[in-house]
Amino acid sequence: MGSTYSRTALRTRIHALIYNQGLPSIFLTLNPADIHSPVALYFAGVKLDLDNIQIEQLMTTYKRAEIIASHPVATAKFFHLLITNILDTMIVGGVLGPIKAYFGTVENQGRGSL
366 MGSTYSRTAL RTRIHALIYN QGLPSIFLTL NPADIHSPVA LYFAGVKLDL DNIQIEQLMT
426 TYKRAEIIAS HPVATAKFFH LLITNILDTM IVGGVLGPIK AYFGTVENQG RGSL
């Protein structure tokens with residue numbers, strides 16, 4: 366989320382949204398586990414049959430973390446795909462019914478991913 370200024374600006378925006386739309390009915394925090402995702406590994410260039418994943422293909426957690434850390438663009442693509450699909454399903458798709466408003470921010474993790 367960045368600097369103190371950017372956090373203050375985001376807080377101001379969410380307060381304005383709450384003032385305009387009322388308190389949120391649901392609060393959701395997403396934290397994609399990229400080192401455990403075959404899709405993230407696929408984006409990083411690991412040859413996987415995503416339709417038929419075998420546990421032997423997934424390597425150790427350390428090796429997966431090493432691959433993900435060395436492919437930041439692949440990790441960003443995975444994050445974008447995942448968040449886009451979640452928003453399309455929940456917000457646009459209407460799983461939760463009609464949505465008046467939503468608010469989201471992106472914060473990088475300590476390990477360098479989103």
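According to my numbering, the sequence shown is numbered sequentially starting from 366. Even for Gly, the Cβ is constructed at its ideal location relative to N, Cα and C.
Endpoints, the alpha helix (DSSP H) within which residue i is located
i	result
Ile-451	437 to 452
Thr-394	Element bounds for Thr-394: n/a, residue is neither H nor E.
Asn-385	369 to 386
Ile-433	426 to 434
Phe-408	403 to 408
Cβ-Cβ separation, residue j to residue i (assumed contact under 8 angstroms), whole Å
i	j	result
Ala-405	Thr-440	6 angstroms
Pro-403	Leu-413	5 angstroms
Phe-468	Ile-379	5 angstroms
Ile-432	Val-457	32 angstroms between Cβ atoms; not a contact.
Leu-375	Thr-470	6 angstroms
Pair within 9 angstroms by beta-carbon distance, residue i and residue j
i	j	result
Ala-409	His-445	no
Ile-464	Leu-395	no
Thr-426	His-401	yes
Check: residue i C-beta below 8 angstroms from any heavy atom of the ligand GDP
i	result
Leu-395	The ligand GDP is absent from the structure shown, which contains no ligand whatsoever.
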